[in-house]
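Peer 1: Chains A and B are the protein sequences, given in the same order. Using my numbering, you'd call the opening residue of the first sequence number 1062 and step up by one each time. Using my numbering, you'd call the opening residue of the second sequence number 1062 and step up by one each time. Note that CB positions come from ideal geometry on N, CA and C, so glycine has one too. None of these values were measured; they are calculated from a predicted model.
2 protein chains.
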Amino acid sequence: MIRHIVLFTWSDDATDEQKAAVPEALKTLPGLIPEIKSYTYGRDAGINQGNYDFAIVADFDSTDDYLVYRDHPEHQAIIAGHIKPIVASRAAVQLSL
Amino acid sequence: MIRHIVLFTWSDDATDEQKAAVPEALKTLPGLIPEIKSYTYGRDAGINQGNYDFAIVADFDSTDDYLVYRDHPEHQAIIAGHIKPIVASRAAVQLSL
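#1: Give a yes or no on whether the C-beta atoms belonging to B/Thr-1070 and B/Tyr-1113 are separated by under 8 Å.
#2: Report all residues from its chain with a CB closer than 6 Å to the CB of A/Asp-1127; omit the five preceding and five following residues, and keep chain order.
#3: Hey, is B/Leu-1068's beta-carbon within less than 8 Å of any beta-carbon in chain A?
#4: The segment 1081–1108 of chain A: which residues have C-beta closer than 7 Å to a C-beta of chain B, in chain order?
#5: CB A/Ile-1139 to CB A/Ala-1086, shorter than 8 Å?
#6: Could you check which residue in B/Pro-1091, B/Thr-1101, B/Ala-1075 has the C-alpha nearest to that of B/Leu-1068?
#7: State the DSSP-derived secondary structure class of B/Thr-1101, mapped to helix, strand or coil.
#8: Quick one, which residues of the segment 1125–1150 of chain B are near chain A if we go by CB-CB under 9 Å, in chain order?
#9: Among B/Val-1148, B/Leu-1158, B/Ala-1119, whose alpha-carbon lies nearest the alpha-carbon of B/Gln-1079?
#10: Counting only the same chain and skipping the five closest in sequence on each side, list residues whose C-beta sits under 6 Å from that of A/Val-1118.
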């Protein structure tokens, strides 16, 4: 299994509407990309100081399935249209489990 | 459910032995902290450039259970003894799912 993990911080001038549009867009992806086996995402829960703002954890049966997701046009459209305009920093890991 | 996600980069002078000691230590924690419902961790799989080096994803039934883990002496001992000596950067999010 490949577990893809990505965390973002949003820029200071990102609006609440822009931040809310990210999960609204992401929720369409499991219906469009059957290679996604599990898809969890959301804003930080606010328990600790100094955290990143938003996280995605996505599970796939194989590296090839992860690559289908990574390069899928609908996913790339969300990155270009909703994430890149407001992202300040990004941290990612893929785990092979 | 609380999903705790943390990513690390290791310092350039971290040795392979120091890096390998981190998962070796972490694997003891599910046996010591029953509040951990799922615990996945490991080094980056090397699929993409620019990634962080290591990730942990830990699931808990509640915020209180996550806090037991966060503050547990055995967990804190691993942070102090194995992670802090070699960490260069850290990114974390807790998701409420």
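Peer 2: The short version:
#1: Contact: yes.
#2: At residue 1127 of chain A the sequence reads Tyr, which differs from the Asp that was named. Cβ within range, chain order: Ile-1063, His-1065, Phe-1121.
#3: yes
#4: Listed in chain order, the positions of the segment 1081–1108 of chain A with a beta carbon within less than 7 Å of a beta carbon of chain B are Thr-1101, Gly-1103, Asp-1105, Ala-1106, Ile-1108.
#5: yes
#6: B/Thr-1101
#7: It is a strand residue.
#8: Tyr-1127, Leu-1128, Arg-1131, Ser-1150
#9: B/Val-1148
#10: Here the set comprises Ile-1066, Thr-1101.
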